[in-house]
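So for the sequence shown, this note's numbering puts the first residue at 761; every next one is plus one. Quick reminder that beta carbons are idealized off the backbone N, C-alpha and C, glycines included.
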Amino acid sequence: MHEQHHRYQEQDSTQTLREGLEEYHQNALLYKPTAMTPSSKRFFKAHDACHVVFGCSTTPEQEALIDVWTMFGTTWQWSEYLGEVERPDQKQRILGEIIPGVGYGRMAFLVLVTLPGCFTVYKRTQEMHQKWGMYEYEPYLDTTLKDIRKKYNIRVYSSEKLPRTAPAVESRI
């Protein structure tokens, strides 16, 4: 099955960040904000903006890439990452829903097949003019993705370069 391509994934997309987020949120598999704490809502709004800015969908492969983009290409701190995955609601979600939903074998395979893409994305984060402000996305809502990517020197990683191992999953790790 071929992954659906979204306009926000195009390097020179003329969509605004707001329009890209609207397209991104049409994914019915996304974890609904009503089931989140205020801290999680804040994080996932920013995380969703990262998906759009960096041009990543919600397939397991693209989730691996967005983690690399977020950890090395944004102002997000490692301590925030560790705090997020250690929260009881997130830990239960990861261990109780996401990993079993994808499968342990497929998850291990996913790590191996996405490594080259992750290295490429890491290199691209080092070529950025400055880091994307993880929680400072709102002033850019009416800016085109093309202009944001030009300002930050973000080069979207094409989804065609990754093998497909699983369908899109709920994007709420």
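- The beta-carbon distance between Tyr784 and Val813, rounded to whole angstroms, is 10 angstroms. This is too long to meet the 8 angstroms contact definition.
- Trp829 carries a helical assignment under DSSP once its states are collapsed to helix, strand and coil.
- Take Gln822, set aside five residues on each side of it, and the residues of its chain with a beta-carbon closer than 6 angstroms to its own are Cys816, in chain order.
- Straight-line spacing of the CA atoms in Asn913 and Val881 works out to 12 angstroms.
- If the five residues before and after Asp772 are omitted, its C-beta is found closer than 7 angstroms to the C-beta atoms of Lys906, all from its own chain and listed in chain order.
- In the structure shown, Thr880 adopts helical secondary structure according to DSSP, grouped into three states.
- In the three-state reduction of the DSSP assignment, Thr874 falls in the helix class.
- Look at Thr776 here: in three-state DSSP terms it is strand.
- Between Thr830 and Met894, the C-beta gap is smaller than 9 angstroms, which places the two residues in contact.
- Within the model, the alpha-carbon separation for Ala809 versus Glu782 is close to 10 angstroms.
- Where Leu905 is concerned, the enclosing alpha helix (DSSP H) starts and stops at Leu905 to Tyr912.
- Within its own chain, the residues whose Cβ lies closer than 8 angstroms to the Cβ of Ile826, once the five positions on either side in sequence are excluded, are His807, Cys810, His811, Phe814 and Cys816, listed in chain order.
- As the crow flies, the alpha-carbon of Gln769 is around 15 angstroms from that of Thr903.
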